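Numbering (full-length UniProt numbering), first residue to last: 1 to 596.
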Ligand code: AMP
């Protein structure tokens, strides 16, 4: 096995994390600095630790967020810089706006917009007000939006005029809980009837609104994630998660005070919130926020011209850069780049080596999920990288490979290289505290005092973890977790579709693409026109990220004895794999799917 040796200790900037075994042995969560101690005994708020603390401190004039606007296609013109002090004033104003609207501590607020300053102001200002914030992915279609708003029942939705008109107005009658829709419009533009103008409200607001008296256990964020069955799950996270984001910023992302950090994930997904918003602000560094979509030239230009020093990205993006070719990469230089990490899906060893060859730095894969709230397992500067592995558990994280015994208990597998489900010992601060309104679904994630992750892994004799597969049917496409059930539901709304079975079909760039197998109702005949019509319907209802890319018409779908569609069999057939004895397989949520 070829390894990439850890960074040399005599490099210009000494990594934060150099002694893996020693740091793990000594680590205790109670020793992590209390970033909220300025709030008063027992109080904690993410926005205080991330913004207020710096806005009135030594980093007040440091740039907190550097926004590259979408229209800035070459990323060549000056970005919009916002210092910690300015972010403090603007988030204070948004807190005042919410108070004027009688939005109280604990009320939920959803955001639905691209990576613009207003998104960051709304999220952090609402956290300051003690609200529970759920940032929705701006590319969702009306159906995923309505489903999530239906579950989360927010009092307020903050969005843009364009999104409102296209995707909110048609479903407004389904958003009964939403008392206020706050809309961001271009200067001098008016807002749609029945909505409020974001900047008009801000203009009249007081920037000194005191921060809410929240504690570490108060709910702060609601991140939706998908299971195999049922509706999306709203994972609840608390303010005390800041301890995790701070520690992982140190150990897994190697953040230093003068870093220019770029997390390419959208805050509509957990990575973009935990590491695109919270962790870098906790560390007082400058974060790049690119409003634009992926484009290889644009990304190289940002890395180069904005002097990015720490870059946190995703395997799909790396593979798209590889596809764009070495010649393009060699037009750019990255002298400031010091550390590169990636998350969200398996990072193939070739991608790790590409980093080493092209950027001069290997890519440090790490693993975590919506429920864990922060990075759990990582390749860090403290040890050699084994390309293709997710790395080793961070200090404060205990990870196991388990199988279920005949009596339903978990057997921890100590021998190396044996496949089993990844389980974690609860106790880290950013652990989710529940699925909103679904205590049973939450309870089923735990067994014998361990949290079951739903991922099949192996651990080698050096303690490195290797990802094998999910144990359930959720799909990872371009790093986005997609629940097949949500897609199937929308497909069966089409008048021609009788039944739908949706799988993730392996793809060399995006990991998996969503593929649907459909049976048709009597009177409909399979044709290319019908396929296009159904694809169009799915894109309109779900948004391009979630909608299937491929549809196959079949005469019948395989079912379990109790009538559930056997997605695994569809997948095995698609891949030409042995179908095995799947007659009794009944896949529910990821938990409890460890084979005996
Ligand atoms: P999400 O909750 O959307 O962040 O998705 C979490 C899931 O993404 C995990 O349970 C894994 O299945 C997958 N995942 C995340 N990071 C990695 C990684 N480094 N390697 C393999 N799979 C990953």
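We put the beta carbon where it would ideally sit given N, CA and C, even for glycine. All figures in this text were calculated on a predicted structure; none of them were measured in a lab.
With respect to the 8 Å criterion, residue 336 and residue 309 are classified as neighbours on the basis of their beta carbons. Scanning its chain for C-beta atoms nearer than 6 Å, with the 5 sequence neighbours on each side dropped, one finds around residue 287 the residues 65, 261, 280, in chain order.
Residue environment analysis places residue 268 among the buried positions, since at least 16 neighbouring C-beta atoms fall within 10 angstroms of its C-beta.
Per DSSP, residue 143 is not a residue of any beta strand (DSSP E); the alpha helix (DSSP H) it occupies stretches across 142 to 152.
Per the DSSP secondary-structure output, residue 66 pairs in a beta bridge with 81, 288. Its chain contains 180 as the residues whose beta carbon lies nearer than 6 Å to that of residue 101, once the 5 sequence neighbours on both sides are disregarded; these appear in chain order. Nearest in C-alpha terms to residue 161, of all of 155, 344, 169, is 169.
Between the beta-carbon of residue 341 and that of residue 252 there is about 7 Å, and that keeps the pair under the 8 Å contact cut.
For residue 366, the CB falls within less than 7 Å of some heavy atom of the ligand AMP.
Between residue 436 and residue 292, the C-beta gap is not smaller than 8 Å, which leaves the two residues out of contact. Distance from the CA of residue 95 to the CA of residue 221, rounded to the nearest whole angstrom, comes to 16 Å.
Pairing residue 469 with residue 491 gives a Cβ-Cβ distance that is not under 8 Å. Each residue's CA atom was taken as its position, placing residue 428 and residue 32 some 12 Å apart. In the displayed model, residue 559 falls within a strand according to three-state DSSP. In the structure shown, residue 197 adopts extended strand secondary structure according to DSSP, grouped into three states. For the ligand AMP, no non-hydrogen atom lies closer than 7 Å to the CB of residue 262. In the DSSP assignment, residue 263 forms a beta bridge with 312. For residue 224, the uninterrupted beta strand (DSSP E) segment begins and ends at 219 to 225. For the ligand AMP, no non-hydrogen atom lies closer than 7 Å to the CB of residue 446. Counting only residues of its own chain and dropping the five nearest sequence neighbours on each side, residue 399 has a CB closer than 7 Å to the CB of 376, 377, 393, 422, 424, 465.
With a cutoff of 7 Å, residue 136 does not count as near the ligand AMP, since its C-beta is closer than that to no heavy atom of the ligand. The beta carbon of residue 346 sits closer than 7 Å to at least one heavy atom of the ligand AMP.
Within the DSSP secondary-structure output, residue 400 pairs in a beta bridge with 423.
In this structure, the beta-carbon distance from residue 381 to residue 352 does not fall below 8 Å.
For residue 470, DSSP records a beta bridge to 455. Within 10 angstroms of the beta-carbon of residue 467 lie 16 or more other beta-carbons, which makes it buried. Judged by their CB atoms, residue 47 and residue 157 are not nearer to each other than the 8 Å cut-off. Residue range 363 to 367 is occupied by the beta strand (DSSP E) that includes residue 365.
Here the alpha carbon of residue 231 sits roughly 8 Å from the alpha carbon of residue 485. Under DSSP, residue 502 takes part in a beta bridge, and its partners are 516.
Check the Cα spacing between residue 130 and each of 247, 217, 551, 554: the tightest is with 217.
The three-state secondary structure of residue 300, taken from DSSP, is helix. Looking at the backbone, the Cα of residue 23 and that of residue 319 are separated by about 33 Å.
The beta carbon of residue 461 sits closer than 6 Å to the beta carbons of 416 from its chain, once the five residues preceding and following it are set aside; these are given in chain order.
Contact between residue 239 and residue 44 holds, since their C-beta atoms are separated by about 5 Å, short of 8 Å. Between the segment 180 to 199 and the segment 133 to 151 there are fewer than three inter-stretch CB-CB distances shorter than 8 Å, so the stretches are not counted as touching.
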